[in-house]
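Undergrad: Below: one structure in structure tokens.
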Amino acid sequence: MKRLQRLDELNKKITRCKKCQRLAAYIRTVAKEKVNRFSDQKYWGRPLTGFGDVTAELLLVGLAPAAHGGNRTGRMFTGDSSGNWVARVLYENVFATKPTSESLADGFGLINAYMTASVRCAPPQNKPLKEELANCSLYLKEELFILNSIRVIVCFGKIAFDSCCKLLHIKGAKFFHGKIINHRKFVIISTYHPSRQNTQTGRLRWQQWSDIFSKAKDILDEK
Ligand code: SF4
5 MKRLQRLDEL
15 NKKITRCKKC
25 QRLAAYIRTV
35 AKEKVNRFSD
45 QKYWGRPLTG
55 FGDVTAELLL
65 VGLAPAAHGG
75 NRTGRMFTGD
85 SSGNWVARVL
95 YENVFATKPT
105 SESLADGFGL
115 INAYMTASVR
125 CAPPQNKPLK
135 EELANCSLYL
145 KEELFILNSI
155 RVIVCFGKIA
165 FDSCCKLLHI
175 KGAKFFHGKI
185 INHRKFVIIS
195 TYHPSRQNTQ
205 TGRLRWQQWS
215 DIFSKAKDIL
225 DEK
């Protein structure tokens, strides 16, 4: 079976998934109740699939969709402040077609990159439970198998980093911003998550964030 076809089948499975009852109920409630600033919009309100280039060499692993970001727009890192940081840095490093990612119809596309997350349903307070992470890790595992050109994985935050280490049987690795692990198949780079909590407090500054993607690009350019 071809890569694209396998990915389509996986994505159909993901969008119908209700394995984590707490999250399935939460995203439906958020989609129904909305927030004032988006009260006129129809929310996606379902699990989110990954997004990007099926032949990508760069994989971005986030924590989870944001309740009023991806859970509203239907695409990872789209329509929220984290998405603004992601789109801009990808564009500056030639991994995206434009520097903004706001809605499904905005023409934003990825170049040699694919975005995914540790869990596909927005969790309350951005805190998935252990069993929810375990449930959803099967999808990340399948993506890693299908996207077989991936060489570099950038993990956004400790949860994404721990999920990847677990899947790849990497033991005892400690998360810190800028950490690099040379796995037999992938180079794994960790960064603080570009959440508002990190970017507005100065914990993650633009230059630190940008350096992560320059590094990823340098690794991919060294053939
Ligand atoms: S978080 Fe993942 S495993 Fe849980 S319901 Fe959503 S898609 Fe399914």
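Count along the sequence shown starting at 1, add 4, and that's the number in my numbering. From the three backbone atoms N, C-alpha and C, an ideal C-beta is built for every residue, glycine too.
#1: When we look at the beta-carbon of Arg7 and count the other beta-carbons within 10 Å, is it buried (16 or more) or exposed?
#2: When every heavy atom of ligand 2 is checked, does at least one fall within less than 7 Å of the C-beta of Ile18?
#3: Please work out which residues of its chain come closer than 6 Å, Cβ to Cβ, to Ala35, disregarding the five sequence neighbours upstream and downstream, and give them in chain order.
#4: Does DSSP classify Gly206 as helix, strand or coil?
#5: Going by CA-CA distance only, name the one from Asn116, Ala100, Leu172, Pro128 that's closest to Tyr30.
#6: Whole angstroms is fine: what's the gap from Glu146's alpha carbon to Thr120's?
#7: Pick out whichever of Leu52, Gly206, Gly56, Lys221 has its Cα sitting closest to the Cα of Gly73.
#8: Going by DSSP, what residue range makes up the beta strand (DSSP E) through Gly54?
#9: Looking at the unbroken beta strand (DSSP E) that takes in Val191, where does it start and where does it end?
#10: Between Val93 and Phe217, what straight-line distance do the alpha-carbon atoms span, to the nearest angstrom?
#11: Closer than 6 Å from C-beta to any heavy atom of ligand 1: which residues, in chain order?
#12: Would the beta-carbon of Ser153 fall within 8 Å of that of Cys140?
#13: What runs of the alpha helix (DSSP H), each 4 residues or longer, lie entirely inside the stretch 126 to 186?
#14: Report the partner residues of Ala100 according to the DSSP bridge assignment.
#15: When burial is assigned at 16 or more other CB atoms within 10 Å of the CB, is Phe149 buried or exposed?
#16: Identify the continuous alpha helix (DSSP H) that holds Gly74 and give its terminal residues.
#17: Hey, Arg79 and Phe55 are a contact pair by Cβ (cut 8 Å); roughly how many whole angstroms apart?
#18: For Ser43, count the other beta carbons within 10 Å of its own beta carbon; 16 or more makes it buried, fewer makes it exposed. Which is it?
#19: When the distance is taken between beta carbons, is Leu11 closer than 8 Å to Val58?
#20: Pick from Gln212, Asn186, Ser199: whose alpha carbon is nearest that of Ile223?
#21: For Asp84, count neighbouring Cβ atoms within 10 angstroms of its own Cβ and tell me buried if that reaches 16, exposed if not.
TA: On the basis of the supplied data:
#1: Position 3 of the sequence shown holds residue 7. The residue in question, Arg7, is exposed, as its Cβ has fewer than 16 Cβ neighbours within 10 Å.
#2: Annotation note on ligand 2: not contained in the displayed structure, which lists ligand 1 as its ligands.
#3: In the sequence shown, the residue the question calls residue 35 occupies position 31. So the list reads Tyr47, Gly49, once near-sequence residues are dropped.
#4: Position 202 of the sequence shown holds residue 206. Coil.
#5: Numbered from 1 along the sequence shown, position 26 holds the residue referred to as residue 30. Checked all of Asn116, Ala100, Leu172, Pro128; the closest Cα to Tyr30 is Pro128.
#6: In the sequence shown, the residue the question calls residue 146 occupies position 142. In the sequence shown, the residue the question calls residue 120 occupies position 116. Roughly 12 Å between the two C-alpha positions.
#7: Counting from one through the sequence shown, the residue named residue 73 turns up at place 69. Out of Leu52, Gly206, Gly56, Lys221, Leu52 has the C-alpha closest to the C-alpha of Gly73.
#8: Here residue 54 is taken as the residue at index 50 of the sequence shown, counted from 1. Neither: Gly54 is in no beta strand (DSSP E) and is coded neither H nor E.
#9: As a working note, residue 191 is residue 187 in the sequence shown. Per DSSP, Val191 belongs to the beta strand (DSSP E) from 191 to 195.
#10: For the purposes of this step, residue 93 is taken as residue 89 along the sequence shown, with counting starting at 1. For the purposes of this step, residue 217 is taken as residue 213 along the sequence shown, with counting starting at 1. Roughly 7 Å separates the two Cα atoms.
#11: Ile18, Cys21, Lys22, Lys23, Cys24, Leu27, Ala28, Pro51, Val123, Arg124, Cys125, Glu136, Asn139, Cys140
#12: By one-based count along the sequence shown, residue 153 stands at place 149. By one-based count along the sequence shown, residue 140 stands at place 136. No, they are not a contact pair.
#13: 134 to 150, 161 to 171
#14: For the purposes of this step, residue 100 is identified with residue 96 of the sequence shown, where counting begins at 1. BP columns for Ala100 point to Leu114.
#15: Residue 149 sits at position 145 when you count from the first residue of the sequence shown. Exposed: under 16 other Cβ atoms inside 10 Å.
#16: As a working mapping, residue 74 is identified with position 70 in the sequence shown. That run of the alpha helix (DSSP H) goes 74 to 77.
#17: Here residue 79 refers to the residue found at position 75 when the sequence shown is read from its first residue. Here residue 55 refers to the residue found at position 51 when the sequence shown is read from its first residue. The pair is a contact, with the Cβ atoms about 6 Å apart (cut-off 8 Å).
#18: Locating residue 43 in the sequence shown gives position 39, where the first residue counts as 1. Per the 10 Å Cβ criterion, exposed.
#19: On the sequence shown, position 54 is the one that residue 58 refers to. On the sequence shown, position 7 is the one that residue 11 refers to. In contact: Val58 and Leu11 (Cβ atoms closer than 8 Å).
#20: As a position in the sequence shown, residue 223 is number 219, starting the count at 1. Ranking Gln212, Asn186, Ser199 by Cα distance to Ile223 puts Asn186 first.
#21: Translated into positions along the sequence shown, residue 84 becomes position 80. Asp84 is buried by the Cβ-count criterion.
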